[in-house]
Every structure is written in structure tokens, then in C-alpha cells.
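Note sheet for the following structure.
This is the structure in C-alpha cells:
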């Protein structure tokens, strides 16, 4: 979690959220999370920049190995309707 204050005294609070297996980011790990995995299947993190071409891949890479593969089904299955 972090915060910032602009020049007018306005505070902005930001935080990240990760629900392992919730690849469509709707707050529920269910069958609909297969779709983003299928759409980005076979994509890899750019070795030069360390970034994904599509930022959502960081969420879909459930085992955090830098590749969207069949191994990313395991986090989805482990957290299915949990």
C-alpha cells in the first residue's frame, strides 16, 4: 500500500490486490478464469525489459514463472470457489 499527496493537499491511496487464480479479476476464482488464460496462452515476459506485452499477463501468470502455460491452471484449480 502506498499514498501520495499532490500540491493541493489531495491524498491518493493505492494498493495492489491478488487473488491467485482470479485471472479475469472479478473477485471469484471460477470457470470464467480459463478465458484470459486461453487468450494469452504461450506468452512470455520480455527478457530484456522484464515486462509483459499485456500487463494483465502478470495476473494470469499464476505461478510467476514468466510464461503463460499449462502450469498456470494449477493456481486456478487450487483456489476454485475458495
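In our numbering, the protein residues as written are 463 to 544. Note that the Cβ used here is the ideal one computed from N, Cα and C, for glycine as well.
C-alpha of residue 526 to C-alpha of residue 470: approximately 39 Å in a straight line.
Inter-residue distance for residue 539 and residue 484 is about 10 Å (C-alpha atoms, whole angstroms).
Around the beta carbon of residue 513, a 10 Å sphere encloses fewer than 16 other beta carbons of the protein chains shown; the residue is thus reported as exposed. Of the candidates 479, 475, 495, 477, the residue whose Cα lies closest to the Cα of residue 541 is 495. Under the DSSP assignment, residue 467 falls in the beta strand (DSSP E) whose first and last residues are 464–467.
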